[in-house]
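Numbering (our numbering), first residue to last: 42 to 260.
Beta carbons are placed, not taken as given, at the ideal position from N, Cα and C, and that holds for glycine.
From a predicted model like this one, the values you see are computed outputs, not experimental measurements.
Note sheet for the following structure.
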Ligand code: AMP
């Protein structure tokens with residue numbers, strides 16, 4: 042199905058545990074709605090690879106499935122927002138604590154929060170099968186999005202690897218971290234009448250049309 046690009050000046054948050062499909066949905070929304078996609082996980086991974094001061098500080102938390110401290114994350118997101126004059130942000134993996142959500146509220150107005158709900162078993166199944174291109178960052182999945190040639194990125198020919206934090210023992214930590222530190226955001230956004238729940242266990246196309254219908258009503 043071809044979907045026309047639509048420019049909206051909404052600021053959206055994609056909320057969900059590890060393996061909920063935030064990144065997959067964000068890539069499509071970014072293109073179809075001309076939004077500026079801010080993935081704190083992607084930014085941090087790039088800082089780690091470049092061995093910047095932030096990357097060196099963040100690495101140990103990421104490797105253990107823990108959250109990078111709020112002060113570092115908030116500073117990083119503030120400068121990302123400043124860098125883009127265009128309206129319409131799509132936050133993926135941010136905010137992840139109530140402190141981050143409050144800081145974001147001080148910077149911009151959030152119009153909608155989509156909460157992708159996925160059970161633990163399905164999240165572990167998806168994440169264990171995820172592979173990422175070391176060169177361009179494209180995501181693949183051994184279950185439902187394989188590359189044409191095993192271990193090689195279709196887009197750029199780079200090698201595919203398994204993220205260190207997609208190993209079973211770290212997935213468990215990330216999942217617990219989500220329920221401990223991020224899940225309070227569900228109530229935070231319900232109270233502000235911003236949150237809509239979407240069944241993230243459906244296929245990516247079904248999830249996408251559901252999100253799209255929510256945004257069509259808004260926009
Ligand atoms: P993700 O790619 O969104 O799953 O993020 C990978 C890792 O980066 C997480 O497990 C955290 O260690 C770190 N991270 C990403 N976003 C945040 C955030 N908003 N707050 C704190 N840590 C984060």
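Counting along the chain, residue 254 sits inside the alpha helix (DSSP H) bounded by residues 245–259. By the criterion of at least three beta-carbon pairs nearer than 8 angstroms, the stretch 66–84 is in contact with the stretch 126–136.
When 203, 168 and 185 are compared, the shortest CA-CA separation from residue 174 is found for 203. Contact between the stretch 208–219 and the stretch 115–124 is not established, with fewer than three Cβ pairs separated by less than 8 angstroms. Judged by DSSP in its simplified three-state form, residue 113 adopts helix.
The secondary-structure analysis by DSSP pairs residue 240 across a beta bridge with 158.
Counting the other CB atoms within 10 Å of its CB gives residue 54 a total of 16 or more, which places it among the buried residues. Taking 7 angstroms as the cut-off, the C-beta of residue 81 counts as close to a heavy atom of the ligand AMP.
When only Cα atoms are considered, residue 91 and residue 103 end up about 15 angstroms apart. If you check the C-beta of residue 69 against the ligand AMP, you find no heavy atom less than 7 angstroms away. In this structure, the alpha-carbon of residue 108 lies about 30 angstroms from that of residue 255. Separation of the CB atoms of residue 164 and residue 60 is rounded to 3 angstroms, and the pair is thereby assigned contact status at 8 angstroms. In the DSSP assignment, residue 77 falls outside any alpha helix (DSSP H) and within the unbroken beta strand (DSSP E) covering 77–80. In this structure, the straight-line span from the alpha carbon of residue 232 to that of residue 67 is close to 24 angstroms. Fully contained in the stretch 138–213 are the following alpha helix (DSSP H) runs of length 4 or more, in chain order: 139–148 and 161–169.
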